């Protein structure tokens with residue numbers, strides 16, 4: 001079943017990539033009983049859900065990360081304004097994740113597997129500006145990457161991309177080996193880089209802190225700017241440094 005899920009996710013992403021916005025997804029598995037999930041409210045906050053809050057019979061959490069292509073990353077480096085291509089990719093990736101997870105849930109029914117998902121974005125508390133489920137944290141628990149100063153998950157394909165989660169009621173062998181021997185964030189390695197902080201157009205990001213309200217207002221500016229795309233409240237300037245894109 002592990003291989004079937006991996007193939008389904010990969011095939012779905014690649015078959016919905018006519019504009020070459022995405023690369024091959026990274027896929028990982030973690031146990032719903034992982035000790036980090038048991039401490040998730042302590043680690044992230046009391047607002048965060050347990051896997052079994054979403055699917056009471058959950059045994060395994062499936063995480064995936066869809067990395068953006070180089071042209072998408074490069075487009076957002078050209079100017080202080082968020083690029084049209086970045087905003088378009090953000091919107092289309094969120095739509096892709098929501099459609100993918102819905103189709104995967106239906107596909108798994110053929111194998112008597114019950115599954116559930118949470119939407120890619122916009123399920124957050126508008127006052128706290130915090131979501132009840134962190135796709136990035138689940139992907140970290142599944143061994144797909146480490147967090148950087150930019151509060152983003154840095155995978156072995158970089159941090160420019162989007163993550164999704166599916167909850168299933170069967171046991172699957174989990175990812176036990178982390179992909180990095182040391183942090184991929186250059187600041188955490190040797191203090192040599194703070195490009196994410198320097199690139200933040202509103203100074204919402206600083207070392208060790210993120211002003212969510214200021215950050216979100218900048219993201220809303222993008223949505224107001226590109227009204228023809230769809231909901232594209234994004235910025236991405238903190239994800240276009242050296243950790244943005246790895247081959």
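Residue numbers (the working numbering): 1 to 247. Cβ atoms here follow ideal geometry from the backbone N, Cα and C, with glycine treated the same way. Quantities reported herein were computed from a predicted structural model and do not represent experimental measurements.
Report the partner residues of residue i according to the DSSP bridge assignment.
{"i": "residue 256", "result": "The structure shown does not extend to residue 256, since the chain spans only 1 to 247, so no value can be given for it."}
{"i": "residue 29", "result": "62"}
{"i": "residue 209", "result": "206"}
With residue i as the anchor, note down where its beta strand (DSSP E) starts and where it stops.
{"i": "residue 174", "result": "From DSSP, residue 174 is part of no beta strand (DSSP E); its letter is neither H nor E."}
Quick one: what's got a C-beta closer than 8 Å to residue i's C-beta in the same chain, skipping five residues either side?
{"i": "residue 233", "result": "216, 219, 220, 222 and 223"}
{"i": "residue 113", "result": "1, 168, 169 and 170"}
Using C-beta distances below 7 Å, list every residue in its chain close to residue i, excluding the 5 sequence neighbours before and after it, in chain order.
{"i": "residue 47", "result": "125, 128, 130 and 132"}
{"i": "residue 158", "result": "67, 243, 244, 245 and 246"}
{"i": "residue 137", "result": "44"}
{"i": "residue 210", "result": "151 and 204"}
{"i": "residue 12", "result": "100 and 103"}
{"i": "residue 200", "result": "237 and 238"}
Terminal residues of the continuous alpha helix (DSSP H) containing residue i?
{"i": "residue 38", "result": "35 to 38"}
{"i": "residue 15", "result": "2 to 15"}
{"i": "residue 186", "result": "186 to 190"}
{"i": "residue 182", "result": "Premise fails: residue 182 is in no alpha helix (DSSP H) and is neither H nor E."}
{"i": "residue 247", "result": "Note, residue 247: premise wrong, no alpha helix (DSSP H); not H, not E."}
Can you determine whether any heavy atom of the ligand FMN sits closer than 7 Å to the C-beta of residue i, and answer yes or no?
{"i": "residue 210", "result": "With respect to the ligand FMN, the structure shown offers nothing to examine, as it has no ligands at all."}
Spatial neighbours of residue i within its chain, please: CB distance less than 6 Å, with the 5 preceding and 5 following residues excluded, ordered by chain position.
{"i": "residue 64", "result": "9, 25, 27 and 164"}
{"i": "residue 121", "result": "94"}
{"i": "residue 30", "result": "61, 141, 142 and 174"}
Whole beta strand (DSSP E) elements within the region 68 to 125, 3-residue minimum: 115 to 117
Touching by the beta-carbon criterion (3+ pairs, under 8 Å), the region 97 to 105 and the region 236 to 243: no
The region 191 to 203 in contact with the region 84 to 95 per 3-pair CB rule at 8 Å: no
Inside the region 128 to 168 only - alpha helix (DSSP H) runs reaching at least 4 residues: 135 to 141
The region 148 to 162 in contact with the region 28 to 41 per 3-pair CB rule at 8 Å: no
Contact the region 8 to 24 vs the region 69 to 81: 3+ CB pairs below 8 Å: yes
Touch test, the region 164 to 182 against the region 47 to 65, Cβ-Cβ under 8 Å, three pairs minimum: yes
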